[in-house]
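S.K.: One gets the numbering used here by counting positions in the sequence shown from 1 and adding 25 to each.
Take this structure first; my questions come after.
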Amino acid sequence: MILNTLSLVNYKNFEQQNFDFDTKINCFVGSNGVGKTNALDAIYHLSFGKSYFNPIASQNIKHNEDFFVVDGIFDKNDKTEKVVISLKRGQKKVIKRNGKAYDKFSDHIGFIPLVIISPADRDLIIEGSDTRRKFIDSVISQSNKTYLNNLINYNKVLSQRNALLKYFALNNTFNAQTLEVYNEQLNTYGTDIFKTRDEFLQTFIPIFKSRYKAISNNNEEVNLNYKSDLFTDDLKTLLAKNVNKDKAIQYTSVGIHKDDLNFEIETYPIKKFGSQGQQKSFLIALKLAQFDFIKQQSGVTPLLLLDDIFDKLDENRVAQIISLVDNDDFGQLFISDTHAERTENVVKQIHQSYKIFKL
């Protein structure tokens, strides 16, 4: 997978900008606030149909403008593919592939496999379980359409069940049969999602551990632990057991929407016991494992975006990461950094062709 050109109109701080990329390494360099991360986010947008950093679509339109357009031309499996994402204020976002608009955005997910590593990933450690579930879901969904559809359907049914619980409370009523319809559906979708997550993590965790070993020079032991209500009972039984609690709080209190991942270093939570460098190494290993998994599942080498990659890492760990990407396992790389000289010194060590874009 190669991104040949990127064209931006009114996207974030860019009024109009065109980039012609190298097939291997591309570096955006410049001071803070000039748009390095925004350029990476535009590439992410083409892959996922949304921004990595700002989920509110209209806020990605340049100030005082009415629309944005992000246009990318890719090479995938020896074919040229053109993807265009556009949004006008007050209207729905449009994603087109080779001139044809998608009916459902979810149909586009996985078409352009991509992994981003960014300082914003620290949210995976410090935020709540929702952030870590989204990480698992985004990795699996890029190569598993059935999983993505199950997830969309589960979330729809969950919203309907929660609305019904609120209705019962407001009207001081209860209908067990109607609730049972939603329980059945949640059980069907939720069981499949749980099994897929469990199988995924059994494959993913060894890849992650191996990546961490390489980055940390084998210095520390790390682990991921999957937590789910469904390890204790099937979802239908859990929903029945918790029906009184759910009625009281007007919300579905059990299910795969409560799943979490524990991040551990030397058997302790990395959030409390990991240094900044260890946490950053942990996150990079997590994302490189995501890269390996997607490549293995899809047979396509994902684009790799490294946003401010050298932040909070000592030279030794930077050297380890650079040596990891200095092989044919990786395809096209996009890097952002504030220090042009440091970036150039680092990419020269990779022995691949590169372009530097000074913003």
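Cβ atoms here follow ideal geometry from the backbone N, Cα and C, with glycine treated the same way.
Since this is a predicted model, take the numbers as computed values, not measurements.
Starting from residue 172, follow the alpha helix (DSSP H) in both directions and report where the run begins and ends.
M.R.: For residue 172, the enclosing alpha helix (DSSP H) begins and ends at 170 to 196.
S.K.: Of the choices 327, 230, 216, 302, whose alpha-carbon is the least far from that of residue 261?
M.R.: The candidate whose alpha carbon is nearest that of residue 261 is 216.
S.K.: Pick helix, strand or coil for residue 326, following the three-state DSSP scheme.
M.R.: The answer is coil: DSSP assigns residue 326 none of H, G, I, E or B.
S.K.: So what does residue 293 bridge to, in DSSP terms?
M.R.: 290
S.K.: Please report the straight-line C-alpha distance between residue 52 and residue 383, rounded to a whole angstrom.
M.R.: 8 Å
S.K.: At which residues does the beta strand (DSSP E) containing residue 105 begin and terminate?
M.R.: 104 to 113
S.K.: Using the Cβ count rule (16 or more neighbours within 10 Å means buried), how would you classify residue 62?
M.R.: Per the 10 Å Cβ criterion, buried.
S.K.: Between the C-alpha atoms of residue 48 and residue 373, what's the straight-line distance to the nearest angstrom?
M.R.: 15 Å
S.K.: Give the straight-line distance between the Cα atoms of residue 296 and residue 190, rounded to the nearest whole angstrom.
M.R.: 35 Å
S.K.: Using three-state DSSP, classify residue 41 as helix, strand or coil.
M.R.: strand
S.K.: Hey, could you find the ends of the alpha helix (DSSP H) residue 368 is sitting in?
M.R.: Per DSSP, the unbroken alpha helix (DSSP H) holding residue 368 starts and ends at 365 to 373.
S.K.: Beta carbon of residue 15, beta carbon of residue 314: below 8 Å?
M.R.: As displayed, the chain neither begins before 26 nor continues past 384, which places residue 15 out of reach and without an answer.
S.K.: Find out if the Cβ-Cβ distance for the pair residue 389, residue 277 is shorter than 8 Å.
M.R.: Here the chain has residues from 26 to 384 only, and residue 389 is not among them.
S.K.: If you draw a straight line from the C-alpha of residue 94 to the C-alpha of residue 368, how long is it?
M.R.: The C-alpha of residue 94 lies about 29 Å from the C-alpha of residue 368.
S.K.: So, for residue 270: in the same chain, excluding its five sequence neighbours on each side, which residues have a beta-carbon less than 6 Å away from its beta-carbon?
M.R.: If we look at residue 270 and ignore the five residues flanking it on each side, its Cβ neighbours are 278.
S.K.: With residue 463 and residue 242 assumed to form a contact (beta carbons below 8 Å), what rounded beta-carbon distance in angstroms separates them?
M.R.: An answer regarding residue 463 cannot be provided, because it is not within the stretch 26 to 384 covered by the chain.
S.K.: Report the rounded CA-to-CA distance for residue 248 versus residue 195, giving the unit in angstroms.
M.R.: 45 Å
S.K.: Could you give the residue range of the alpha helix (DSSP H) that holds residue 97?
M.R.: Not the alpha helix (DSSP H): residue 97 falls in the beta strand (DSSP E), residues 92 to 101.
S.K.: Should residue 250 be listed as close to the ligand ATP, given that the test is whether its C-beta is under 7 Å from any heavy atom?
M.R.: Among the components modelled here there is no ligand, and therefore nothing to report on the ligand ATP.
S.K.: Just how far apart, CA to CA, sit residue 37 and residue 163?
M.R.: 24 Å
S.K.: Check residue 199 in the structure and name its three-state DSSP category.
M.R.: coil
S.K.: What is the residue span of the beta strand (DSSP E) that residue 361 lies within?
M.R.: In the DSSP assignment, residue 361 falls within the unbroken beta strand (DSSP E) covering 358 to 362.
S.K.: Below 8 Å on the Cβ atoms is my contact criterion, and I expect residue 390 with residue 144 to pass it. Report the Cβ-Cβ distance as a whole number of Å.
M.R.: This structure gives no information on residue 390, because the portion of the chain shown stretches from 26 to 384.
S.K.: According to DSSP, simplified to helix, strand and coil, what is residue 336?
M.R.: In the structure shown, residue 336 falls within a coil segment according to DSSP collapsed to helix, strand and coil.
S.K.: Assuming residue 259 and residue 280 form a contact by the criterion Cβ under 8 Å, report the distance between their Cβ atoms to the nearest whole angstrom.
M.R.: Actually they are not in contact, since the Cβ atoms of residue 259 and residue 280 sit about 11 Å apart, beyond 8 Å.
S.K.: List the whole-angstrom C-beta distance separating residue 134 from residue 221, where the pair is believed to meet the contact cut-off of C-beta under 8 Å.
M.R.: Not really, about 15 Å apart at Cβ, beyond 8 Å.
S.K.: State buried or exposed for residue 265, treating a residue as buried only when at least 16 other CB atoms are found within 10 Å of its CB.
M.R.: Of the residues assessed, residue 265 falls on the exposed side of the cut-off, its CB having fewer than 16 other CB atoms within 10 angstroms.
S.K.: State the CB to CB distance for the pair residue 42 and residue 28, rounded to an integer number of angstroms; the pair is presumed to be in contact (CB under 8 Å).
M.R.: Rounded, the Cβ-Cβ distance is 14 Å, inconsistent with contact.
S.K.: Restricting to runs no shorter than 3 residues, where is the beta strand (DSSP E) found entirely within the stretch 248 to 293?
M.R.: 285 to 290
S.K.: Measuring straight from C-alpha to C-alpha, what distance separates residue 387 and residue 244?
M.R.: Outside the displayed span of the chain (26 to 384) sits residue 387, for which this structure offers no information.
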